[in-house]
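Structure first, then comments.
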């Protein structure tokens, strides 16, 4: 381990390790003490401790190999269904996030101008007092709604929401509208659930609409897709890029961006027109089928061929093959599905396609979710009533968007315009809106309008860089989080080493802050262990037992085939959506022409690579070592015709901004598109590995919000490219 | 060559998604310096013209030959072939002559060019993670592979598995198990959907280079050992060669970082 980290870090951490050793003779460190009790570490403080990964949101189970108080290797936990013993490159490199030489080790208070990077060290006491004082000042002056709270999907999100709700602000930003609102809202109005579970074991036919599972790795799902391909399942991938998923597919359709909807409407046209649907499933489970034939009659394969660039006979063949393979077929509804103005309609068409084929109970299942009635609940008083409108327009402008999902980019817009009222403070936990929101210049302007910004993170992320107070979090290998239910087990994230510096868990930080805000009653746990003990109380299981295995078996058997039930107004799968109809929107999917680039412009595409998660892992030295340098992909012929070649420095311009980056001339992309790996172009000089690498997609992305799902249309940005 | 308890890898290029989890896992497990690697991505990456494209990549590391050329070329016995498969290198015996590098037909052993001969520089290569396999664990690269592109087991079983895959999926693979007989047989068996040369694998024939070289080396080894002292004296001259090789190595490192550049 020692030679993997920089010399500077080695000296520092080496010194700390010596301290622990000497001290360890008398007072074993807390983590080691707990590990001894549960039997995971031996007398030399070595062994394997089970916990959970947090390099992305998939939460694989891991086994952390610990030697003398240092984590030296991470393994996939074979007992966790999300990892099955494997970890992706990000999971493997996770210990380098913890041992990042750039870790923020103490609370920091800004002393220079915002964005100057000048901070001074502070005690937790002083930093928390300051954050609480500033938040209370804003509350007193402008009301609680003047504080924005934002965080990203994580296990302590419930406690974050406690802080938000107890404080009384309606203004909650999550990352979801920058990702999958179109998919979530389409599933909600059609099936009455946010996202179904998927099973690949028996699949014969899979249509992936931009779902790049071989690069946007969700370990168990990627593995399941790989096994299906190996078994001989047919996979059709629609993507303007020859992604690594496209490369593994039986058929790659380099569809024109923004026209997935036309393809799927034509699929519906063939399946309905030729009677290839599952009559029994439709009559038992769906409503509104009778209205469908007329609605899709005009969307013939020939019509779609014009729009998508995919030949009519190909679409017709795929529709027939898909129907023939049903119910062992799946049109994957994707994940980051907020791409164009019509993405919501695309998602609706896909949900209807799976319903017509009757793929439920074979390929797709009602989600078991992460809720359980069996875990103990930490008591809480009722939250104060919130009367202020939400700045992001939910639900008064976006009635279908769930409150805990929101429309983040519209929240930013309202904070900038001051309409319907001005926000004055922003409390951010483990999130980086300076990189994630489109049109970065506008986000930075909002920072400028804030009286106060506080950020919790393990690193000096780009938002922390512009904050007044930075609170250092303990990394996922250094802290507890509330239990996480997968299937009929509750899994534990537990510390495998002591925190670096003064990093603390968010459970602790939120409670400390809550107490200072006079909201201590909302955090009725003495510490992290007490929180989990309260969750475990009804099960009669000790925390030591859970620590040893990393999970606790919940009573009752997980149903192998969950009952098909639909939480919609009609109690059926709503092919004709009564919800949309009432809201004044098209109740059946219909074609919407998306905007297209002008001559001389290109579609700007983004999408994951296997080594990075959004904008949070670029500073990881191990990932940096093995990932490709981010460059702007351009079709090789196009590049040639423009007089551009690989490694030419180019200027990329959109209406939102411009970047400079190296070019990669490649055959793997349509001639009318360029592609940029997202999450680079960091502003924080506190990220010494990532700073200066690549350029930011956020600098180019134009803000556009889908009126139904609230999703940010991330591919609806057009750019020109020229040599510098 | 004992076929019982002889461990091997089986790599299936049709399953590899080039995610590089194996590379990170190896780096951490074996405490590899940040500027070094024991596994690298080989192969053409992408071939064809839009939209008729194929991707092919391979995780390239030591083949753990049944009859290792590195071992037979090493004048000081720094290499051993364990009966259960791994070809192990012992840095304490190494004199830095780099014969192994020239001998290996797969170009696997790497030299610490940063240090040079007189500064305690050593060869580095994949070891098959003996520290793990002795405990019944798979090598780090295999254990983490999310798509089972790399699997580990008894060489005899993996050979059967490889042939079973070829039979079960006619047309999916090039009809050959690379490493079964190449260079006298290796403990890294490879299946591919593109010609093996496009994965970066050399055509080495089935006769181990060792057999050829030992005919010649029969008298050169005693000769070389006799002149060992003189050879050490020539280290300064070697240093000049090192500089040139360092440039080559840097170029190779560039390729590791940016496989997309291999696109033609």
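Chains as they are written, first to last, in the working numbering: chain A, 6 to 729; chain B, 230 to 493. Each residue gets a CB set at the ideal place from its N, CA and C atoms; glycine is no exception.
Name, please, each residue of chain B whose Cβ falls closer than 7 Å to the Cβ of residue i.
i, result
"residue 222 of chain A", "248 and 375"
"residue 561 of chain A", "Neighbours of residue 561 of chain A on chain B: none; closest Cβ ~31 Å, over 7 Å."
"residue 235 of chain A", "244"
DSSP beta-bridge partners for residue i?
i, result
"residue 461 of chain A", "A:434 and A:476"
"residue 238 of chain B", "B:381 and B:417"
"residue 640 of chain A", "A:671"
"residue 336 of chain A", "A:212"
"residue 392 of chain B", "Looking at the DSSP assignment, residue 392 of chain B forms no beta bridge with any residue, so it has no partner."
"residue 344 of chain B", "Answer by DSSP bridge pairing: none, since residue 344 of chain B is not bridged."
"residue 509 of chain A", "A:478"
"residue 153 of chain A", "A:431"
"residue 287 of chain B", "B:271"
"residue 678 of chain A", "A:608"
Ordered along the chain, which non-local residues of its own chain (more than five positions away) have a Cβ less than 6 Å from that of residue i?
i, result
"residue 241 of chain B", "378 and 420"
"residue 594 of chain A", "350, 353 and 354"
"residue 275 of chain A", "321 and 324"
"residue 83 of chain A", "90"
"residue 347 of chain A", "266, 597 and 599"
"residue 153 of chain A", "176, 428 and 431"
"residue 687 of chain A", "467, 695 and 696"
"residue 337 of chain A", "213 and 216"
"residue 669 of chain A", "636, 638 and 651"
"residue 324 of chain B", "305"
To the nearest angstrom, how far is it from the Cα of residue i to the Cα of residue j?
i, j, result
"residue 211 of chain A", "residue 511 of chain A", "40 Å"
"residue 574 of chain B", "residue 423 of chain A", "Residue 574 of chain B is absent from the structure shown; chain B starts at 230 and stops at 493."
"residue 464 of chain B", "residue 256 of chain B", "Unreliable placement is indicated for residue 464 of chain B, whose pLDDT of 49 sits below 50; the coordinate value is still reported in the next sentence. Roughly 30 Å between the two C-alpha positions."
"residue 811 of chain A", "residue 410 of chain A", "The requested residue 811 of chain A does not occur in the structure, where chain A is confined to residues 6 to 729."
"residue 515 of chain A", "residue 164 of chain A", "7 Å"
"residue 414 of chain B", "residue 364 of chain A", "47 Å"
"residue 544 of chain A", "residue 39 of chain A", "20 Å"
"residue 407 of chain B", "residue 382 of chain B", "16 Å"
"residue 387 of chain A", "residue 403 of chain A", "26 Å"
"residue 549 of chain A", "residue 105 of chain A", "30 Å"
"residue 57 of chain A", "residue 64 of chain A", "6 Å"
"residue 276 of chain B", "residue 236 of chain A", "25 Å"
"residue 190 of chain A", "residue 405 of chain A", "7 Å"
"residue 256 of chain A", "residue 394 of chain B", "21 Å"
"residue 424 of chain B", "residue 403 of chain B", "7 Å"
"residue 638 of chain A", "residue 681 of chain A", "7 Å"
"residue 200 of chain A", "residue 369 of chain A", "10 Å"
Closer than 7 Å by C-beta to residue i: which residues in its own chain qualify, once you throw out the five before and the five after it? Chain order, please.
i, result
"residue 518 of chain A", "133, 136, 137 and 168"
"residue 434 of chain A", "156, 165, 461 and 511"
"residue 338 of chain B", "299, 329, 330, 352 and 354"
"residue 250 of chain B", "373, 374 and 375"
"residue 198 of chain A", "192, 371, 372 and 572"
"residue 335 of chain B", "292 and 431"
"residue 725 of chain A", "605, 606 and 658"
Starting from the beta carbon of residue i, find every residue of chain A whose beta carbon is closer than 7 Å, and list them in chain order.
i, result
"residue 277 of chain B", "672"
Check the Cβ of residue i against every Cβ in chain A and list those closer than 9 Å, keeping chain order.
i, result
"residue 280 of chain B", "247, 257, 258, 259, 672 and 675"
"residue 284 of chain B", "247, 249, 251, 252, 253 and 673"
"residue 421 of chain B", "Correct list: empty, because the minimum Cβ distance to chain A is about 14 Å."
Between which residues of its own chain and residue i is the CB-CB distance below 8 Å, once the five residues before and five after are set aside?
i, result
"residue 783 of chain A", "Given a span of 6 to 729 for chain A in the structure shown, any question on residue 783 of chain A remains unanswerable."
"residue 31 of chain A", "With a pLDDT of only 40 at residue 31 of chain A, under 50, the local geometry of the prediction cannot be trusted, and the value read off the model is given with reservation. Taken in chain order, the list of residues that qualify is empty."
"residue 446 of chain A", "661, 662 and 704"
"residue 425 of chain A", "394, 396 and 419"
"residue 422 of chain B", "242, 243, 283, 285, 401, 402 and 403"
Interface residues of chain B around residue i at Cβ under 8 Å?
i, result
"residue 92 of chain A", "250, 254, 373 and 375"
| task | For the segment 127-140 of chain A and the segment 385-398 of chain A, state whether three or more C-beta atom pairs, one from each stretch, are separated by less than 8 Å. | result | No, the segment 127-140 of chain A is not in contact with the segment 385-398 of chain A.
| Cβ contact (3+ pairs, closer than 8 Å) linking the segment 356-373 of chain A and the segment 600-615 of chain A | Contact fails: fewer than three Cβ-Cβ distances are below 8 Å.
| message | Within 8 Å, do at least three Cβ pairs link the segment 576-587 of chain A to the segment 291-307 of chain A? | response | In short, these stretches touch, since the Cβ pair count reaches three.
| task | Inspect the CB distances between the segment 667-677 of chain A and the segment 702-722 of chain A and report whether three or more fall short of 8 Å. | result | Pairwise C-beta distances place the segment 667-677 of chain A out of contact with the segment 702-722 of chain A, as fewer than three of them are shorter than 8 Å.
| request: Please confirm if the segment 92-109 of chain A is in contact with the segment 624-644 of chain A, defined as three or more CB-CB distances below 8 Å between the two stretches. | output: Yes: the two stretches touch, three or more of their Cβ pairs being nearer than 8 Å.
| query | Counting Cβ pairs, one atom from each stretch, are 3 or more of them under 8 Å apart for the segment 242-254 of chain A and the segment 213-226 of chain A? | reply | Touching, per the Cβ criterion.
| Any contact of the segment 337-346 of chain A with the segment 716-726 of chain A, i.e. 3+ C-beta pairs under 8 Å? | The segment 716-726 of chain A and the segment 337-346 of chain A touch, with three or more beta-carbon pairs separated by less than 8 Å.
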